[in-house]
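The structure under discussion appears below in the form of structure tokens.
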Amino acid sequence: MVDTLEQFFAQYSEAMDNADVQRLTSFSMKPMVFVSDETKTICHSLQDIDKVHQLLMSSLKQGGVVKHIPKIMQSMRLSDSVRFVKVRWVFCDGADQALFSCYCSYTMQVENGDTLKILISVLDDEQNIISDLMKQAQEKK
Numbered sequence: 001m002v003d004t005l006e007q008f009f010a011q012y013s014e015a016m017d018n019a020d021v022q023r024l025t026s027f028s029m030k031p032m033v034f035v036s037d038e039t040k041t042i043c044h045s046l047q048d049i050d051k052v053h054q055l056l057m058s059s060l061k062q063g064g065v066v067k068h069i070p071k072i073m074q075s076m077r078l079s080d081s082v083r084f085v086k087v088r089w090v091f092c093d094g095a096d097q098a099l100f101s102c103y104c105s106y107t108m109q110v111e112n113g114d115t116l117k118i119l120i121s122v123l124d125d126e127q128n129i130i131s132d133l134m135k136q137a138q139e140k141k
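With the working numbering applied, the sequence shown covers 1 to 141.
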């Protein structure tokens, strides 16, 4: 399962690097829940999930982030089809210099026997960098 998780997050980070919102959404299961200290969003449609991903990607771009590096810190089997995964994300600029990092925890479910999908994403943004970037992006709308 570790190899499957690493492949999943390699593909997920590639979609982030390319700011491919639709591909990011394809890694999600409906309904999907996004949680941070400041917000709790339940997305019942792919369009709702797209909106959250679009805000996240535009916020990170505004912060100078062009590369997203995942490091799986912990994974745990919760049931036959449900996994918990904690990832440390390092966000880098165009020169591959780390700008900041944060942790994100995911509850994921195996679908159709081998395809992982995200059910719940919990952002642990201790430094509030992503939260601040997202607020700025929303204010510009």
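For glycine and all other residues, C-beta sits at the position ideal for the given N, C-alpha and C.
Just so it is clear, the structure is predicted and the values come from calculations on it, not from any experiment.
Have a look at the options and flag the residue whose alpha-carbon is nearest the alpha-carbon of residue i.
i	options	result
Lys67	Ile49, Trp89 and Gln47	Trp89
Gln97	Gly64, Cys104, Lys71 and Val33	Gly64
Tyr106	Gln7, Asn112, Leu99 and Ile120	Ile120
Asp20	Lys51, Lys135, Asp3 and Val85	Lys51
Asp3	Asp93, Cys104, Val85 and Ala95	Val85
For the beta strand (DSSP E) that residue i lies in, which residues bound it at each end?
i	result
Asp96	Element bounds for Asp96: n/a, residue is neither H nor E.
Thr115	Thr115 to Asp124
Ser59	Run containing Ser59: none in the beta strand (DSSP E); it sits in the alpha helix (DSSP H), Leu46 to Gln62.
Ser36	That residue, Ser36, is in no beta strand (DSSP E); it is neither H nor E in DSSP.
So, is residue i buried or exposed, given that buried needs 16 or more other C-beta atoms within 10 angstroms?
i	result
Leu78	exposed
Ile130	buried
His53	buried
Ile49	buried
Ala15	buried
Ile118	buried
Assuming residue i is part of the alpha helix (DSSP H), what are its boundary residues?
i	result
Ser75	First-last for Ser75: Lys67 to Arg77, but that is the beta strand (DSSP E), not the alpha helix (DSSP H).
Ser26	Val21 to Ser26
Determine, using beta carbons only, whether residue i and residue j come nearer to each other than 8 Å.
i	j	result
Leu46	Lys30	yes
Val35	Ser81	no
Gln62	Leu133	yes
Contact defined as beta carbons within less than 8 Å: I believe residue i pairs with residue j. What is the distance between those atoms, to the nearest angstrom?
i	j	result
Ile9	Ile72	It should be pointed out that residue 9 corresponds to Phe in this sequence rather than to Ile. Contact holds; Cβ gap of about 6 Å.
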